[in-house]
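Each step along the sequence shown adds one to the number in full-length UniProt numbering, with nothing skipped, and position 49 is 49.
Cβ coordinates follow ideal geometry from the N, Cα and C atoms, glycine included.
Structure first, commentary second.
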Amino acid sequence: MRSDLMVRPVHEGIHQAVNETELAWRQFVVAGERRHVPGRPFVLESWIRCAQKGIEPGVSAAQKILSESTVNELWASHMLHENIDPYIQSLTDTMMPSRHLVVFTDAQGFILKISGESSVRQLAENMNFVPGSNWFEDQAGTNAIGTCLALGAPVQIFAAEHYCAPVHPWTCSAAPIRDPATHEILGVIDLTGLREYHHPHSLAVVQSIARAIEDRLRDTLEIERFTIFGDYLELATRYPETLLIALDRGHQVIRCSSAVWEHGWVDSNNQLLHLPPEFSRLADGSSWEVDGSHQRWKWILHHCYRQHQRVGAIIQAVPTGVQGRNRSLPAGKGRGVGKDDNPVATISFNNLVGNSPKFLDAVNQARAVARSDAPVLILGETGTGKELMAQAIHSASRYAAGPFVAVNCGAIPHELIGSELFGFEGGSFTGAAKEGRPGKFELADGGTIFLDEIGELPLALQPYLLRVLDLGEVTRIGGQSPFRLNVRVIAATNQDLETMVENGTFRRDLYYRLNVIAIVLPPIRERPGDAIRLLEHFVTRIAQKTGRPVPPISPALSVALDRYPWRGNVREIRNLAERIMAALPVDGTVTIKALPDAFRQADPEMNLLTPDSGLRQQEIDWIRHVLEECHGNISLAAKRLGIHRSTLYRKLSTADRRQNPSR
């Protein structure tokens, strides 16, 4: 980035210097004299670049114009598509009296959005200042947009400072918007108007807007990193022996096992080294080799996604001299960062969020069974929190000091699941490590193994699991001697195992052995009041992770959330919290307006439940419910509701007057 000279706005005396600037421009384009523009050396430097590019100073600027369909495609696919519209509209409303146009371009200088008074837009069309036109400096000469992109800094260009004569009647101010992850310019926000309507603070305005957009992108980046870190927690328990590195979009290392640092693969700026130049274009599963401290390693790429957008990557490092010890993860399955120590449970019953009767029944049942050694079968729809419940049972059991090993039976290829669960002896099959490898059951010895999606366990392997349950021992594939184990088994499924037994796809004896104690986790739609509790929980976690204040949540949301079907259950609420926090201003409140359109489509009555629609009965019911939970403690209830005590008193007083109008 250049010095502050280039970002300094046109000074107050510039109008007296217009003639001098025009003279300097004429002498430059006609005679080639390099006379400095008063106080603006970067303008002359830009003119020199334009002359070297062969730009004609007398012709209309912006000769390159894209079709309307291409512009629409560029806009729809742009990273800032959803973030920038409110700022453009707000700035347009503010600048309308000053006859300025608000403009957004991409990083190549193509105008994608332009907003402002129609008469000013018509005048701007005379210089091809329209959607689809390219205002990069080497296309349109010196101008705020193009020169801002050329210098990578905010720029204001006034009148004859423009290289092309048709633009001399105009003044423009532009600021770049950078991706906080990659630090690359994503686009430019620009204010353009006739020079007689020059606004002294226009440069400061666009700089402020650019900073606000970057702040929002920074919040989104933190949520992306939070998502990657969540994947890490999942994978760390499933593949504790795997060496992995997690990266965000800017190739910053989010988390990695200690050996990564020992190999010298991370620089002082926390950037991962040894990435190929074409890294951003590599397909999932691509690999390349790098040097480690003692040997060469094969790096395997696994992309990470959030809401169908690529947000980072996981690099899996496999020593080339040891075949089959660290295999590639199944494409599309849980990805995070491996760690070297034993996997442990991080959840206890105190961490479980919910207060609805069915959920509390399940929790109380789980607390009781935690004291026994019997197998547990957790039943529930996808996303209801079966693994969290399993961790809580483990943490309250006599196995709490031991490892908690989670295995997703549906995430492992059928031909590998046997060796994954039960281990293998050296040389037992082609490519097997000479020293063999323990399976998940051995790794869980002294602790708990959690078998998620147990219905996906191949029928041929089910007798092996039955042997573990009956005899407490496991035999590695290719081995002869069994290992004695002390392992608590917790299984989970969203399938109907009884039907699978009748269909012959699940062993009846194994079903009865697993189904000693069955805990049914209710879906969110059967847990009244828990949706808003979970939303509060996830919003608070995200706020703490990103270092921002915890926003208050409108109590009116409780009714809307309880009416929604929540097909994704707890996981869907977590995604909603991420979406809300990505779009919410730092000082904002989570209201009904923050919910996606799908909520209103599911129940049109939700549109009535807005903060502006008055104190409705549903809100009063919720307030009284919270008060009851807080045993009448106004201060505690107000904190829970996210409102001040005085506001709570006022709402209760208003409700009382409505129910007792004679008072």
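Problem - C-beta contact flag for THR182 and GLY109 at 7 angstroms - result: Not a contact, by the Cβ cut-off of 7 angstroms.
Problem - Three-state secondary structure assigned by DSSP to GLU415 - result: Residue state, collapsed to three classes: helix.
Practice task
With DSSP as the reference, label ARG579 as helix, strand or coil.
Solution key: Looking at ARG579 - three-state DSSP - the assignment turns out to be helix.
Handout entry: Strand pairing of PRO319, partner residues [DSSP]
Key = Per DSSP, TRP297.
Problem - CA nearest to the CA of SER247, picked from THR546, ASP267, LEU272 and LEU91 - result: A small correction: the amino acid at residue 247 is Leu; Ser does not occupy that position in the sequence shown. The option with the nearest alpha carbon to LEU247 is LEU272.
Exercise for the section: Could you tell me which residues DSSP puts in a beta bridge with TYR305? Expected result: Paired residue(s): ARG310.
Problem - Cα-Cα separation between HIS414 and ASN350, rounded to whole angstroms - result: Cα-Cα distance, rounded: 36 angstroms.
Handout entry: Collapsed DSSP secondary structure at THR499 in the structure displayed
Key = Secondary structure at THR499: helix, using DSSP grouped into helix, strand and coil.
Practice task
Just mark TYR649 as buried or exposed, buried being the case when its beta carbon has 16 or more other beta carbons within 10 Å.
Solution key: Result: exposed.
Exercise for the section: Let me know if VAL550 comes out buried or exposed under the rule of 16 or more other beta-carbons within 10 Å of its beta-carbon. Expected result: The Cβ neighbour count for VAL550, taken over all protein chains shown within 10 Å, is under 16; the residue is labelled exposed.
Practice task
Below 6 angstroms CB to CB, which residues in the same chain sit around ILE55 once its five sequence neighbours on both sides are set aside?
Solution key: Same-chain partners within the cutoff: GLY141.
Practice task
Taking 8 angstroms as the threshold, find out whether the segment 120 to 139 comes into contact with the segment 83 to 90 through three or more Cβ pairs.
Solution key: The segment 120 to 139 is not in contact with the segment 83 to 90.
Exercise for the section: Tell me whether LEU352 sits in a helix, a strand or coil according to DSSP, three-state version. Expected result: Secondary structure of LEU352 (DSSP, three-state): coil.
Exercise for the section: Please report the Cβ distance between residue 673 and ASP509, rounded to the nearest whole angstrom; I am assuming they are in contact, meaning their Cβ atoms lie under 8 angstroms. Expected result: The question about residue 673 has no answer here: the residues shown for the chain are numbered 1 through 663.
Handout entry: Length of the line joining the Cα atoms of LEU451 and PHE538
Key = Answer to the nearest angstrom: the Cα atoms are 26 angstroms apart.
Handout entry: As assigned by DSSP and simplified to three states, the class of LYS593
Key = The answer is helix: DSSP assigns LYS593 an H, G or I state.
Exercise for the section: Please go through the same chain and pick out, in chain order, the residues whose beta-carbon is closer than 8 angstroms to the beta-carbon of THR227, but skip the five residues on each side of it. Expected result: Same-chain partners within the cutoff: CYS304, ARG306, VAL311 and GLU578.
Practice task
Measure the Cβ-Cβ separation of SER98 and TYR163 and say whether it is below 7 angstroms.
Solution key: Annotated as distal: SER98 and TYR163, with beta-carbon spacing of 7 angstroms or more.
Handout entry: Closest Cα partner of TYR399 within the set ASN486, VAL71, GLU45 and GLU473
Key = Looking at the Cα atoms, ASN486 is the closest of the given residues.
Practice task
Kindly indicate which residue of LYS440, THR505 and ILE84 has the alpha-carbon position closest to the one of LEU457.
Solution key: When only C-alpha atoms are compared, the closest one is THR505.
Exercise for the section: Please classify GLU278: does DSSP put it in a helix, a strand, or coil? Expected result: It is coil, neither helix nor strand.
Problem - Counted within 10 angstroms of its Cβ, other Cβ atoms place ASN270 as buried (16 or more) or exposed - result: ASN270 is exposed by the Cβ-count criterion.
Practice task
Using the Cα positions of VAL205 and LEU112, report the straight-line distance between them to the nearest angstrom.
Solution key: A direct Cα-Cα distance of roughly 20 angstroms separates VAL205 from LEU112.
Problem - Cβ of LYS113 within 7 angstroms of any chain B Cβ - result: Absent here is chain B; the protein component of the structure consists of one chain.
Practice task
Could you please give me the residues that DSSP links to ASP190 through a beta bridge?
Solution key: Paired residue(s): VAL103 and ALA174.
Handout entry: Assigned exposure category for SER653 - 16 Cβ within 10 Å defines buried
Key = Counting every other CB atom within 10 Å of its CB across the protein chains shown gives SER653 a total below 16, marking it as exposed.
Handout entry: For SER287: DSSP bridge partner residues
Key = Residue pairing by DSSP puts SER287 in a beta bridge opposite ILE300.
Handout entry: Local Cβ density within 10 Å of SER118, reported as buried at 16 or more and exposed below that
Key = By the neighbour-count criterion, in which 16 or more other beta carbons inside 10 Å mark a residue as buried, SER118 falls on the exposed side.
Exercise for the section: Would you mind sorting LYS593 into buried or exposed? The rule is 16 or more other CB atoms within 10 Å of its CB. Expected result: Exposed, because fewer than 16 other Cβ atoms sit within 10 Å of the Cβ of LYS593.
Handout entry: Sequence-distant residues of the same chain with beta carbon closer than 7 angstroms to ASP374, five excluded per side
Key = For the record, residue 374 in the displayed sequence is Ala; it is not Asp. Here the set comprises VAL516 and ILE517.
Handout entry: For ASN408, three-class secondary structure by DSSP
Key = Three-state result, ASN408: strand.
Practice task
Please indicate yes or no: does the CB of ALA160 lie closer than 6 angstroms to some heavy atom of the ligand HEM?
Solution key: Ligands displayed in this structure: none; no statement on the ligand HEM is therefore possible.
Handout entry: Integer-rounded CB distance, given that ARG34 should sit under 8 angstroms from PHE42
Key = A Cβ-Cβ separation of about 13 angstroms leaves PHE42 out of contact with ARG34 under the 8 angstroms criterion.
Problem - Stretch-stretch touch, CB-based, cutoff 8 angstroms, three pairs: the segment 468 to 487 with the segment 519 to 529 - result: No, they do not touch.
Handout entry: Cβ pair count under 8 angstroms reaching 3, the segment 389 to 409 against the segment 487 to 494
Key = A contact between stretches requires three or more CB pairs, one per stretch, nearer than 8 angstroms, and the segment 389 to 409 meets this requirement with the segment 487 to 494.
Handout entry: Pairwise C-alpha distance: ALA62 and PRO166
Key = Distance between the alpha carbons of PRO166 and ALA62: 11 angstroms.
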